[in-house]
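S.K.:
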Amino acid sequence: MLDDYFRQPFWEFRFTVWAANKRTPAMMYDRLDIISTTGMRDKNYRIYINYLRFYEFFKGPTYNPLIIYGPKPRSWMSFG
């Protein structure tokens, strides 16, 4: 319960620091290694999407490598 109270301000503060350090969503795409995630349920993918929303809200539209490269979801067929 207490964790839910502090989670949103924690991430908003972290996103503010990333934006102040001029980390664009494209840079965070590489740092969080989004291309190798398993899709929407992956933690780094969710962090990236939330940062992208935050960044675009305050700075306006930006380059989003997710549209071009996306995560490459692994199917159950590719694990064999």
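Okay, so the sequence shown: first residue is 0 according to numbering that gives the first Met the number 0, each after it adds one.
Ideal Cβ placement from N, Cα and C applies to all residues, glycine included.
Note that the structure is a prediction, hence the values are computed from the model and not measured.
(1) Confirm, please, whether the CB-CB distance from L31 to Y54 is below 8 Å.
(2) Could you name the residues of the same chain whose beta carbon sits closer than 6 Å to that of A25, not counting the 5 residues immediately before and after it, in chain order?
(3) Would M27 and Y4 qualify as a contact pair, given that the criterion is a beta-carbon distance under 8 Å?
(4) Report the rounded CA-to-CA distance for W17 versus G59, giving the unit in angstroms.
(5) Let me know if T15 comes out buried or exposed under the rule of 16 or more other beta-carbons within 10 Å of its beta-carbon.
M.R.: Straight from the coordinates:
(1) The answer is no: Cβ separation not under 8 Å.
(2) Excluding five sequence positions before and after A25, the CB atoms of its chain that fall closer than 6 Å to its own CB belong to Y62, P64, given in chain order.
(3) No.
(4) Taking the straight line from one Cα to the other gives about 16 Å.
(5) Taking all protein chains shown into account, T15 has fewer than 16 neighbouring C-beta atoms within 10 Å of its C-beta and is therefore exposed.
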